[in-house]
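Engineer: Here the sequence shown stands for residues -25 to -1, 1 to 448, numbered as in mature numbering (1 follows the signal peptide of the UniProt record, and there is no 0).
Glycine residues also receive a C-beta, built at the ideal position from the N, C-alpha and C atoms.
Everything numeric in this text was worked out from a predicted model, so none of it was measured.
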Amino acid sequence: MGLLVILFALICFIVLCHLASNSKGAPTDWPLVGMLPTLLNQVSRVHDWVTELLLHLGTGNFLFRGPWFCNMDMLITADPANIHYIMTTNFVNFPKGPEFKNIFDILGDGIFNVDHELWKEQRRVAMSFINHKSFHCFLRYTFDSISKLVAGFDPECLSPDLPDVPFIRALDDAEEAIFFRHVMPGLLWKLQGWVGVGREKKLSEAWKCIDRIIGKYIEMKREKLRRGEESRQDEEDSDLLTSYMTMEKNKMSGAGSHEDKILRDTILSFIIAGRDTNTSSLTWFFWNLSNHPLVEIKIREEIRSLLTQGEDIFDTEEFNNNKKLVYLHGAICETLRLYPPIPLQHKSPAKPDKLPSGHNVQAHTRILWSLYAMGRMPSIWGKDCAEFKPERWISDNGTVRHEPSYKFVAFNAGPRTCLGKNFTFTQMKYVLATIIWNFHVRVEEDQDVRPRVSVILHMKHGLKARISRITNF
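1) Is the Cβ of isoleucine 272 closer than 7 angstroms to any Cβ of chain C?
2) Could you tell me if asparagine 397 is buried or exposed, where buried requires 16 or more neighbouring beta carbons within 10 angstroms of its beta carbon?
3) So which of Gln337, Leu343, Leu257, His267 has the shortest CA-CA distance to glutamate 362?
4) What do you reckon, are the CB atoms on histidine 433 and arginine 425 nearer than 7 angstroms?
5) Do you know how far the Cα of isoleucine 317 is from the Cα of arginine 144?
6) By DSSP, does threonine 340 sit in helix, in strand, or in coil?
7) Can you list, in chain order, the residues of its chain with a C-beta nearer than 6 angstroms to that of valine 416? Leave out the 5 residues immediately preceding and following it.
8) How many angstroms separate the CA atom of phenylalanine 383 from the CA atom of isoleucine 61?
9) List the whole-angstrom C-beta distance separating aspartate 251 from isoleucine 193, where the pair is believed to meet the contact cut-off of C-beta under 8 angstroms.
10) Let me check one thing: in DSSP terms, what residues is phenylalanine 87 bridge-paired to?
11) Kindly provide the ranges of any alpha helix (DSSP H) runs that are 4 or more residues long and lie completely inside the stretch 223 to 279, ordered along the chain.
12) By the DSSP assignment, the alpha helix (DSSP H) with methionine 403 in it spans what residues?
13) With burial defined as no fewer than 16 other Cβ atoms inside 10 Å of the residue's Cβ, what is the status of phenylalanine 69: buried or exposed?
14) Whose CA, out of Pro12, Leu14, Asp23, Val8, lies closest to the CA of leucine 313?
15) Once DSSP output is grouped into helix, strand and coil, what is the label at asparagine 36?
16) DSSP three-state label for glycine 9, please.
17) Helix or strand or just coil, what does DSSP make of glutamine 320?
18) For the pair the stretch 156 to 166 and the stretch 39 to 49, tell me if three or more CB-CB distances fall below 8 angstroms.
19) Just how far apart, CA to CA, sit aspartate 328 and lysine 71?
20) Given a threshold of 16 other Cβ atoms within 10 Å of its Cβ, counted over all protein chains shown, does alanine 248 qualify as buried or as exposed?
21) What is the DSSP secondary structure of methionine 349, reduced to helix, strand or coil?
22) Can you tell me whether aspartate 240 is buried or exposed? The criterion is at least 16 other CB atoms within 10 Å of its CB, across all chains shown.
This is how it looks when you write it as structure tokens:
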């Protein structure tokens, strides 16, 4: 096994050197290693590379050939018809499946990893919580807010001294390792995990950190419930963890390890969903805003039209009807179109199938669709697809223009459409309107702005900016 790994690495290195200057066009399908060398050569800019590849081919689809005997062949697509078919029309034939769960094993049996009845049951409980009136009253900020809302604890990321938060660092390490599982042969990353080296070692350490912290809060919550301190879920303290532990007590009786695992997997899934959507989207939003000052002016004027000059926006009842912030809504959608928090997704058919694009796919063939590339396809968004234009989301009568979910997939599509879509828009509008109305955010020039290599589209180096309060309205 050791000699095979060394031989494989040597071949990849030689080919990579040969291809280092050739980053455009269809990759060469080499004997034994397939197209993997080109993929690894482009991994630091993989989303742009996939976009360029699909634009170059002009079909919106590409069949990637992986190394022999590694089960890495996959169909890469940015075709809305394929997305609609997979996510809606023939949803039952495209479950998450064992391969997805294997790659995202850290999520356990959370709602993003499961299928069939277990998925329906988790979605039902989550929906009942989201529909509770206290959910709509809870509007705070990114990780602190989603942790409080989901698990009932505040990690205090926004403390004045801005402390290092191990849980956040663990999530980042886990998300990076999961991405590389998509571009490495399964044998290699599993070997890394077995030996305890590389990103798999970081993932293992992150996993232990996440389990330790979530486990602590599950036990704290259980103790409070035992003492009767949270027997009534008032509007201020209600959280998803309490909902699961109380609403489902007939189905999960006792404080056994099985119950704790279900709670752990559920809480982790929702924390990741809430934290990453906001942090990624808000960062890219301000990057776009800094390059389009006229958009900032229009948003501020839109807010001004709802307010009495100089009045605190949260004291104005009319602002609560945030559907009126149409231009701000359009700017958020443009950010999500060009910089989707989850830039790629994949599924595999349970049975052989034929996609609308004409591709015949065998059972368990991985189909990967790039949301990042879809936002840059002229065939989907027109010749101005690369431009940041909030106006494309505004109808002729001045209301929000709604695009089909299989075209704008930032919140998924079909039966798995994101439960927190409306909440995300509401939260982002409150945060962005407050900042834009009260502050100028000036992004530092000449900084290296590019996505981190991760399953979440975070900025690699963050976004450096200077913030000044607005005094003249």
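Structural biologist: With the given structure in hand:
1) As a matter of chain content, chain C is missing from the structure shown, which is built from one protein chain.
2) Position 422 of the sequence shown, counted from the first residue, corresponds to residue 397. By the neighbour-count rule (16 or more Cβ atoms within 10 Å), asparagine 397 is not buried but exposed.
3) The residue you call residue 362 lines up with position 387 of the sequence shown. The option with the nearest alpha carbon to glutamate 362 is His267.
4) Translated into the one-based positions of the sequence shown, residue 433 becomes position 458. Translated into the one-based positions of the sequence shown, residue 425 becomes position 450. No.
5) Position 169 of the sequence shown, counted from the start, is the residue given in the question as residue 144. Position 342 of the sequence shown, counted from the start, is the residue given in the question as residue 317. Distance between the alpha carbons of arginine 144 and isoleucine 317: 18 angstroms.
6) Your numbering for residue 340 matches position 365 in the sequence shown. Residue state, collapsed to three classes: coil.
7) If you number the sequence shown from 1, residue 416 lands on position 441. The residues are Phe261, Ala440, Ile442.
8) Here residue 383 is taken as the residue at index 408 of the sequence shown, counted from 1. Here residue 61 is taken as the residue at index 86 of the sequence shown, counted from 1. About 15 angstroms.
9) As a first step, residue 251 must be located in the sequence shown, where it is residue number 276. As a first step, residue 193 must be located in the sequence shown, where it is residue number 218. That belief does not hold up - the Cβ atoms of aspartate 251 and isoleucine 193 are roughly 22 angstroms apart, past 8 angstroms.
10) Reading the sequence shown from its first residue, position 112 is the one you call residue 87. For phenylalanine 87, which the question treats as bridged, DSSP gives no partner whatsoever.
11) 232 to 266
12) On the sequence shown, position 428 is the one that residue 403 refers to. Methionine 403 -> alpha helix (DSSP H) spans 396 to 413.
13) Taking the first residue of the sequence shown as 1, we reach residue 69 at position 94. The residue in question, phenylalanine 69, is buried, as its Cβ has 16 or more Cβ neighbours within 10 Å.
14) Numbered from its first residue, the sequence shown carries residue 313 at position 338. Taking only the C-alpha atoms, the option nearest leucine 313 is Asp23.
15) Against the sequence shown, residue 36 aligns to sequence position 61. Reduced to three states, the DSSP call for asparagine 36 is strand.
16) Counting from one through the sequence shown, the residue named residue 9 turns up at place 34. In this structure, glycine 9 counts as strand in the three-state DSSP scheme.
17) On the sequence shown, residue 320 is found 345 positions in, with the first residue counted as 1. DSSP places glutamine 320 in strand when its eight states are reduced to three.
18) yes
19) By one-based count along the sequence shown, residue 328 stands at place 353. By one-based count along the sequence shown, residue 71 stands at place 96. If you take the alpha carbons of aspartate 328 and lysine 71, they lie about 16 angstroms apart.
20) If you number the sequence shown from 1, residue 248 lands on position 273. It counts as buried.
21) Along the sequence shown, one-based indexing puts residue 349 at 374. Reduced to three states, the DSSP call for methionine 349 is helix.
22) Along the sequence shown, one-based indexing puts residue 240 at 265. It is buried - the Cβ of aspartate 240 has at least 16 other Cβ atoms within 10 Å.
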